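Report on the structure given below.
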C-alpha cells in the first residue's frame, strides 16, 4: 500500500470524536485505513505533518485531496460529499 | 569452569522452511509514529523476526544487534511478538530501532508459523520463540532459522546472507 491512495483516518483509541467519524464513514460504506496515534500530543508529529495540527481525528481523502481536522468539520464534509446530494 | 545453569531445550517445531510459502497475516504494524493494520504481503520482501516480548532481555539483545548491524538499512525488517502497539512504539523509541513491529497479543501468528513458546511459570502467557524468516516479494521463504533452546539468539552472520538475497 502506498501512503496516499486510500482514505486515511488518524485516530486515538477510545476517542469519542474519532468514533463519530468512524460511524459516519461506515454509514456511507466508505473504505478507509485507520492510523492509530498516541494519547500524548507531543507524540503526534505524523498527524501534524499531514494536517498542520496535532489533533485527532484528522482525515485525508485522496479522492478530493481534502485534509480535514475536527470531527464536526469531517462529518460535515462527508455529508456534503458522500451524503444525499453528493456525488 | 562448570556453570550451574540449565538452557531449556525447546520442543520440535513445524515452521516453514526454505522454499515454502510464508503464511500471510494482518496485524497492527507499528512504526515510530503510528500503527495501522497491515498484511505481511504488503511489506514483503522483508526479514520477519519473531522474538520474545518487549522487556525481556532477548528482545533487547536481538533488536540492538539488528540495529547495530544496520540490517534496517539493507532491507525492511519487521518484528512480531505479543506486546501491544503502545509497548512497540516505546520499544522502537527507547532503543532507536528503525524497524516496524507487528502487535500479536493472541500469539496466533507465531502459532501459524509453528514457533509458539508456552512460558513456564507465566500462566496463560505464550509468546514466539526467536525465529527469523527472509520472505521474498512473492512470499516464498528464502531463509529460515528457528531457536531450539531458550534462550537462543539468531545466527546473525548467517542471516546477513539472506538479507543480501532479498
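Protein chains in written order, with the numbering used here: chain A, 208 to 294; chain B, 4 to 169. Every residue gets a Cβ at the ideal spot worked out from N, C-alpha and C, and that includes glycine. Just so it is clear, the structure is predicted and the values come from calculations on it, not from any experiment.
Cβ distance (whole Å) where residue i is taken to contact residue j below 8 Å
{"i": "residue 278/A", "j": "residue 244/A", "result": "Residue 278/A to residue 244/A, Cβ: 15 Å. No contact."}
{"i": "residue 216/A", "j": "residue 241/A", "result": "5 Å"}
{"i": "residue 87/B", "j": "residue 106/B", "result": "6 Å"}
{"i": "residue 72/B", "j": "residue 159/B", "result": "6 Å"}
{"i": "residue 138/B", "j": "residue 157/B", "result": "With a Cβ gap of about 15 Å, residue 138/B and residue 157/B do not count as contacting."}
{"i": "residue 50/B", "j": "residue 80/B", "result": "5 Å"}
{"i": "residue 84/B", "j": "residue 55/B", "result": "7 Å"}
{"i": "residue 48/B", "j": "residue 169/B", "result": "4 Å"}
{"i": "residue 163/B", "j": "residue 103/B", "result": "20 Å between Cβ atoms; not a contact."}
{"i": "residue 11/B", "j": "residue 152/B", "result": "6 Å"}
{"i": "residue 13/B", "j": "residue 150/B", "result": "6 Å"}
{"i": "residue 235/A", "j": "residue 214/A", "result": "Actually they do not touch by this definition, with Cβ atoms about 11 Å apart."}
{"i": "residue 24/B", "j": "residue 142/B", "result": "6 Å"}
{"i": "residue 273/A", "j": "residue 284/A", "result": "6 Å"}
{"i": "residue 66/B", "j": "residue 98/B", "result": "6 Å"}
Residue i (DSSP reduced to helix, strand or coil)
{"i": "residue 239/A", "result": "coil"}
{"i": "residue 134/B", "result": "strand"}
{"i": "residue 60/B", "result": "helix"}
{"i": "residue 161/B", "result": "helix"}
{"i": "residue 95/B", "result": "helix"}
{"i": "residue 70/B", "result": "helix"}
{"i": "residue 79/B", "result": "coil"}
{"i": "residue 232/A", "result": "helix"}
{"i": "residue 140/B", "result": "coil"}
{"i": "residue 214/A", "result": "coil"}
{"i": "residue 54/B", "result": "coil"}
{"i": "residue 152/B", "result": "strand"}
{"i": "residue 113/B", "result": "helix"}
{"i": "residue 167/B", "result": "helix"}
{"i": "residue 226/A", "result": "helix"}
Residues that residue i contacts on chain B, provided the C-beta gap is smaller than 8 Å
{"i": "residue 243/A", "result": "31, 37, 38, 39 and 88"}
{"i": "residue 253/A", "result": "36 and 37"}
{"i": "residue 240/A", "result": "39 and 40"}
Burial state of residue i (16 or more Cβ within 10 Å)
{"i": "residue 264/A", "result": "buried"}
{"i": "residue 209/A", "result": "Interpretation of residue 209/A is limited by its pLDDT of 47, a score under 50 that renders its predicted location unreliable; no figure is taken from the coordinates."}
{"i": "residue 246/A", "result": "exposed"}
{"i": "residue 8/B", "result": "exposed"}
{"i": "residue 230/A", "result": "exposed"}
{"i": "residue 291/A", "result": "exposed"}
{"i": "residue 255/A", "result": "exposed"}
{"i": "residue 267/A", "result": "buried"}
{"i": "residue 131/B", "result": "buried"}
{"i": "residue 258/A", "result": "buried"}
{"i": "residue 271/A", "result": "exposed"}
{"i": "residue 121/B", "result": "exposed"}
{"i": "residue 287/A", "result": "exposed"}
{"i": "residue 221/A", "result": "exposed"}
{"i": "residue 294/A", "result": "The pLDDT assigned to residue 294/A is 47, lower than 50, so where the model puts this residue is not dependable; a value taken from the coordinates is nonetheless given after this. Result: exposed."}
{"i": "residue 3/B", "result": "The question about residue 3/B has no answer here: the residues shown for chain B are numbered 4 through 169."}
{"i": "residue 282/A", "result": "buried"}
{"i": "residue 166/B", "result": "buried"}
{"i": "residue 276/A", "result": "buried"}
{"i": "residue 133/B", "result": "buried"}
Contact with chain D by residue i, beta-carbon distance below 8 Å
{"i": "residue 140/B", "result": "Absent here is chain D; the protein component of the structure consists of chains A and B."}
Just list the alpha helix (DSSP H) runs in the segment 239 to 289 of chain A, keeping only unbroken ones of 4 residues or longer that don't cross its boundaries, in chain order.
Fully enclosed alpha helix (DSSP H) runs of 4 or longer: 252 to 258 and 278 to 289.
Which residue spans inside the segment 6 to 45 of chain B form an unbroken beta strand (DSSP E) run of at least 3?
Every beta strand (DSSP E) of 3 residues or more that sits fully in the segment 6 to 45 of chain B is shown, in chain order, as 29 to 33 and 38 to 42.
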